[in-house]
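As they're listed, the protein sequences go chains R and L.
By the count of the UniProt record's numbering, the first sequence reaches residue 291 at its end, each step adding exactly one.
By the count of the UniProt record's numbering, the second sequence reaches residue 275 at its end, each step adding exactly one.
Glycine residues also receive a C-beta, built at the ideal position from the N, C-alpha and C atoms.
Small disclaimer: the values here were computed from a predicted structure and weren't measured.
First comes the structure, then the notes that go with it.
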Amino acid sequence: MDALHQFLVAPFTEFAFMQRGLLGAVLLSISACPIGVFLMLRRMSLTGDAMAHAILPGAAAGFLLYGLQIVPMTIGGLLAGAIVALGAGAVSRLTVQKEDASMAAFYLISLALGVTMVSLRGSSVDLMHVLFGTVLALNNAALTLIGIVAAVTLAALAIFWRALVAECLDPLFLRSVSRLDTPVHFIFLGLVVLNLVAGFQALGTLLSVGLMVLPAAAARFWTQRVETMAVLAIAFGLVSSISGLLLSYHAALPSGPAIILSTGILYFMSVLFGTRGVLATRRPRHAHRIA
Amino acid sequence: MADACITFRDLTLGYNSHPAVHHLSGTVRKGSLTAVVGANGSGKSTLMKGVVGMLKPMVGSVTVTPGTRVAYLPQQSELDRTFPARVVDLVSLGLWPKRGLLGRHTAQDRAAVSEALMAVGLEGFEQRPIDTLSGGQLQRALFARVLVQDAELILLDEPFNAIDARTVTDLIALIKRWHGENRTVMVVVHDLDLVRTHFPEALLLARSPVAWGEAKATLAPENLLRARQFHEAWDESAPWCAADGDHDHAHEHDGHGHHHHAHDEAGHAAREKVA
Chain R
1 MDALHQFLVA PFTEFAFMQR GLLGAVLLSI SACPIGVFLM LRRMSLTGDA MAHAILPGAA
61 AGFLLYGLQI VPMTIGGLLA GAIVALGAGA VSRLTVQKED ASMAAFYLIS LALGVTMVSL
121 RGSSVDLMHV LFGTVLALNN AALTLIGIVA AVTLAALAIF WRALVAECLD PLFLRSVSRL
181 DTPVHFIFLG LVVLNLVAGF QALGTLLSVG LMVLPAAAAR FWTQRVETMA VLAIAFGLVS
241 SISGLLLSYH AALPSGPAII LSTGILYFMS VLFGTRGVLA TRRPRHAHRI A
Chain L
1 MADACITFRD LTLGYNSHPA VHHLSGTVRK GSLTAVVGAN GSGKSTLMKG VVGMLKPMVG
61 SVTVTPGTRV AYLPQQSELD RTFPARVVDL VSLGLWPKRG LLGRHTAQDR AAVSEALMAV
121 GLEGFEQRPI DTLSGGQLQR ALFARVLVQD AELILLDEPF NAIDARTVTD LIALIKRWHG
181 ENRTVMVVVH DLDLVRTHFP EALLLARSPV AWGEAKATLA PENLLRARQF HEAWDESAPW
241 CAADGDHDHA HEHDGHGHHH HAHDEAGHAA REKVA
């Protein structure tokens, strides 16, 4: 019992940096995981990935001007994300080009710009920091930012839930009864960017999308209700945050990848054992009801 | 007309400066039941989109009497059947005009949803995920949503595609019920016998309106023959429509207009008939 306590609880009670890391990861899970559910249901999981790359030049611009400082890098990332999301969204809504193609174009340009900017001034260590984050070095400013983003996200989800569901389920119907379809699309993209920016301090631009997409993808194998899926995704996010931090602590692994790898394990377990997973749907079913 | 529900004034709708509905004028009376017929590409769905306001007129106008609640069931629904929703969730979307984004769904609303499901013969399907429905069941569910919408103008675009005979009979009964409740209903239909049997009025389109009025007269052989004589394909070298000269010059902005040229005869004849 004591050993278990030593293993599971002590790291968090003894070290302030672990507590901060845990708080950041928990807030991120609560906020980003439901966003990930809608991202997945809109078949935009890869868009999320693209957006994560897209915020890089903004963060890099902040880094170029002010060094490794959270506020300028965050504002830069937010701006870059907004430009790419709005630009790609506008191209797809105003022209025949679909969003996947316009998004790819915008994010690739953005990524190239970002890497160029970071390498103009920084070392490869700085680049690693921007790309992979440092969940164990979250300062007060970063935690405050993540907290605000989580609050904004939950409030927006509560208000626009019905429109988000309708826009996924039957966009043409929503357009026929309401003028909300376009605003909701952009509000949603805004929330995606906001959460990626919040996540990039902790997990880096490359991995922040992992905490958004993977728990949602895993939750898909367990339920047929959006509400349940969102709650389950948050639960998966929380479990992986804790186990990832412990893994990182005990095995001396980088914390961000450890968290994402934990969600990855949950994902594969869900693929296999979920009620809608491989084993449940592929096993031969000779027994069936008469109606 | 005092009791008009929809008024078309020289309406031209289209894509890329090619008309899909060409110079349609006339009114749809409040409480009327109209079948919209015509070959593929004759502008039926385009007309529906124009009425809902999803497509802006190139020339002329379409006016729905202000304050009319509209329900629209599109032909190519963008409904995502893999979305994790139950039948009751799908049908509850119909409460949007009443409850909007934030209004709570009351017990009365839920009763209305169950009643609608009952009316389309889907009682007991409330909890079924929508990806387990057959095509006919899904169409019934969408009709239930239209019921819940409680609209005064109902536009149905090819609602009977790939639907079995029994379901068609049930859905026709619903349409007649709406007609009896003095709602205005326009339905795009392909089955002409169905139109002759069940629809009081019909509009025959072949890009331009060919005939519009009492269903059996509209579907007379000479009208159907004329409707068949239009060319479905766009003609990139087609002359610019002369009739637009005295209206909005929407067609002519890109400067390709060379010579003005009278309409094809069918179009003219039809407009005279409609007028």
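For residue i, tell me which candidate among the options has the shortest Cα-Cα distance.
{"i": "R:Ser119", "options": "R:Arg289, R:His53 and R:Ala60", "result": "R:Ala60"}
{"i": "L:Arg196", "options": "L:Leu219, L:Gly213 and L:Val59", "result": "L:Leu219"}
{"i": "L:Lys30", "options": "L:Cys5, L:Leu192 and L:His23", "result": "L:Cys5"}
{"i": "L:Leu90", "options": "L:Lys56, L:Ala116 and L:Ser61", "result": "L:Ala116"}
{"i": "R:Leu232", "options": "R:Ala3, R:Leu8, R:Gln19 and R:Ala32", "result": "R:Ala32"}
{"i": "residue 311 of chain R", "options": "R:Ser102, R:Gln69, R:Val91 and R:Ala54", "result": "Because chain R is modelled from 1 through 291, residue 311 of chain R falls outside the range shown and cannot be assessed."}
{"i": "L:Asp235", "options": "L:His18, L:Asp3 and L:Thr12", "result": "L:His18"}
{"i": "R:Ala137", "options": "R:Leu46, R:Leu245, R:Leu4 and R:Arg289", "result": "R:Leu245"}
{"i": "R:Ser241", "options": "R:Gln6, R:His5 and R:Arg20", "result": "R:Arg20"}
{"i": "L:His23", "options": "L:Ala217, L:Glu123, L:Gly60 and L:Ala119", "result": "L:Gly60"}
{"i": "R:Ala90", "options": "R:Asp170, R:Ala258, R:Arg276 and R:Phe186", "result": "R:Phe186"}
{"i": "R:Gly62", "options": "R:Asp49, R:Ala50, R:Gly76 and R:Met51", "result": "R:Gly76"}
{"i": "R:Ser176", "options": "L:Gly41, L:Leu33, L:Thr132 and L:Gly53", "result": "L:Gly53"}
{"i": "R:Gly237", "options": "R:Ser262, R:Ala251 and R:Ser255", "result": "R:Ser262"}
Could you tell me if residue i is buried or exposed, where buried requires 16 or more neighbouring beta carbons within 10 angstroms of its beta carbon?
{"i": "L:Leu183", "result": "Just to set this straight, residue 183 of chain L is Arg in the shown sequence, not Leu. Its Cβ being crowded by 16 or more others within 10 Å, L:Arg183 is buried."}
{"i": "L:Gln76", "result": "exposed"}
{"i": "L:Ile154", "result": "buried"}
{"i": "L:Arg207", "result": "buried"}
{"i": "R:Glu99", "result": "buried"}
{"i": "R:Val96", "result": "exposed"}
{"i": "R:Arg282", "result": "exposed"}
{"i": "R:Ser29", "result": "buried"}
{"i": "L:Phe83", "result": "buried"}
{"i": "R:Thr74", "result": "buried"}
{"i": "L:Gly124", "result": "exposed"}
{"i": "R:Gln6", "result": "exposed"}
{"i": "R:Gly274", "result": "buried"}
{"i": "R:Phe268", "result": "exposed"}
Which same chain residues end up closer than 6 Å to residue i when comparing Cβ atoms and leaving out the 5 residues on each side of it in sequence?
{"i": "L:Gly94", "result": "Arg145, Val148 and Gln149"}
{"i": "L:Thr167", "result": "Gly136"}
{"i": "L:Leu156", "result": "Leu73 and Val187"}
{"i": "L:Ser92", "result": "Val113"}
{"i": "L:Leu192", "result": "Leu219"}
{"i": "R:Gly210", "result": "Ile260"}
Pop quiz: residue i and residue j are said to be a contact at Cβ under 8 Å. What is the actual Cβ separation, rounded to whole angstroms?
{"i": "R:Val149", "j": "R:Ala198", "result": "4 Å"}
{"i": "L:Ala20", "j": "L:Gly14", "result": "5 Å"}
{"i": "L:Val62", "j": "L:Val70", "result": "The Cβ separation is near 12 Å, so there is no contact."}
Excluding the 5 residues preceding and the 5 following residue i in the sequence, name in chain order all residues of the same chain whose CB lies nearer than 7 Å to its CB.
{"i": "L:His253", "result": "Residue placement at L:His253 is poorly supported in this model, since its pLDDT is 41, which falls under 50; the coordinates still yield a value, given next. Nothing listed; no residue qualifies."}
{"i": "R:Thr153", "result": "Ser31, Ile35, Leu191, Leu194 and Asn195"}
{"i": "R:Tyr66", "result": "Pro72"}
{"i": "R:Ser110", "result": "His53, Ala54, Leu56, Pro57, Ala80 and Val84"}
{"i": "L:Asp164", "result": "Gly136"}
{"i": "R:Leu27", "result": "Ile146, Gly147 and Ala150"}
{"i": "R:Tyr249", "result": "Pro11 and Met18"}
{"i": "R:Thr223", "result": "Met229 and Leu232"}
{"i": "R:Phe38", "result": "Leu164, Cys168 and Phe188"}
Within 8 Å of any Cβ in chain A, is that where the Cβ of residue i sits?
{"i": "L:Leu47", "result": "Of the chains in the structure shown, none is chain A; the protein chains are R and L."}
Sorted by chain position, which residues of the same chain lie with C-beta nearer than 8 Å to residue i's C-beta, five sequence neighbours on each side aside?
{"i": "L:Val36", "result": "Lys44, Leu47, Met48, Met186, Val187, Val188, Val189, Ala202, Leu203 and Leu205"}
{"i": "L:Arg128", "result": "Arg86 and Val87"}
{"i": "R:Leu22", "result": "Phe12, Ser241, Ile242 and Leu245"}
{"i": "L:Gly121", "result": "Arg140 and Asp170"}
{"i": "L:Glu222", "result": "none"}
Output the residue ranges of the alpha helix (DSSP H) runs that lie fully inside the segment 100-180 of chain L and measure 4 residues or longer, sorted by chain position.
107-119, 135-149 and 165-180
Problem - Start-end ranges of the beta strand (DSSP E) lying completely within the segment 179-247 of chain L, minimum 3 residues - result: 184-188, 201-206 and 208-214
- Whole runs of the alpha helix (DSSP H) within the segment 9-53 of chain R, excluding any shorter than 4 residues: 10-14 and 16-41
At 3 residues or longer, and completely inside the segment 11-81 of chain L: list those beta strand (DSSP E) runs for me, N to C.
-> 18-29, 33-37, 59-64 and 70-73
(Q) Which runs of the alpha helix (DSSP H) at least 4 residues long sit entirely within the segment 103-168 of chain R? Give them in chain order. (A) 124-132
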